[in-house]
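Asker: Before I ask anything, here is the structure I am working with.
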Amino acid sequence: MGDAVDESKIILCCAVCCANCGIYPACDSPGCSGKIGLCGLNIEMCCKPGAPFLPCLCCGPKCECGGEDGCTIMKAQQQCCCISCQGAFPPNEEVPLAVTILGCTLYPNAGCCVSVKSLTMDRSDYQQG
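The end of the sequence shown is residue 303 by the numbering used here, with every number in the run present.
Shown next, in the form of structure tokens:
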């Protein structure tokens, strides 16, 4: 997403299809950040010490269509201290398709305390079907 959260370091607590919540142990400062987007038009919010300045106080619009993820129809992310929740439709490399219950991931790879990075599939897997 090109934002304040490195999604690959999130440890999943729960996930259903293309939405997940987890612990973000890489959080180095208190504060909150968020991003929501629809068809490539995104609004960002960041209230963290040392964060880059956004145009309208702590919010900023941005257009991100193309690039690595293509144009995601809907994408949302929020992070507050060490908790992060995110979703995307269709799922992408930052928000992979997953099923996790109480920290135990059942799909696509089984395991406990699994990171988003370990679930990331090949880009071609998201373009099928």
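We put the beta carbon where it would ideally sit given N, CA and C, even for glycine.
1. If you measure from the beta carbon of E181 to each beta carbon in chain C, is any gap under 7 Å?
2. Mind checking which residues open and close the beta strand (DSSP E) that includes V290?
3. Count the C-beta pairs between the stretch 274-281 and the stretch 247-259 that are closer than 8 Å, then say yes if the count reaches three, no if not.
4. Looking only at C-alpha atoms, which of M219, S182, L212, G224 sits nearest to C195?
5. Quick one: residues in its chain with C-beta nearer than 7 Å to the C-beta of V179, no 5 flanking neighbours on either side, listed in chain order?
6. Given a cut-off of 7 Å on the beta-carbon distance, is the pair G285 and C192 in contact?
7. Return the first residue and the last residue of the beta strand (DSSP E) that V190 is part of.
8. Would G224 be called buried (16 or more neighbouring beta carbons within 10 Å of its own) or exposed?
9. Residue range of the beta strand (DSSP E) that Y281 falls in?
10. What three-state label does DSSP hand S182 in the structure shown?
Answerer: Walking through what the data contain:
1. This model lacks chain C altogether, as it is built from one protein chain only.
2. Where V290 is concerned, there is no enclosing beta strand (DSSP E), although the alpha helix (DSSP H) it sits in stretches over 290-293.
3. Judged by Cβ distances under 8 Å, the stretch 274-281 makes no contact with the stretch 247-259, as fewer than three pairs qualify.
4. S182
5. Y198, S207, Q251, Q253, S258
6. Going by C-beta atoms, G285 is not nearer than 7 Å to C192.
7. 185-191
8. exposed
9. Its beta strand (DSSP E) spans residues 278-281.
10. helix
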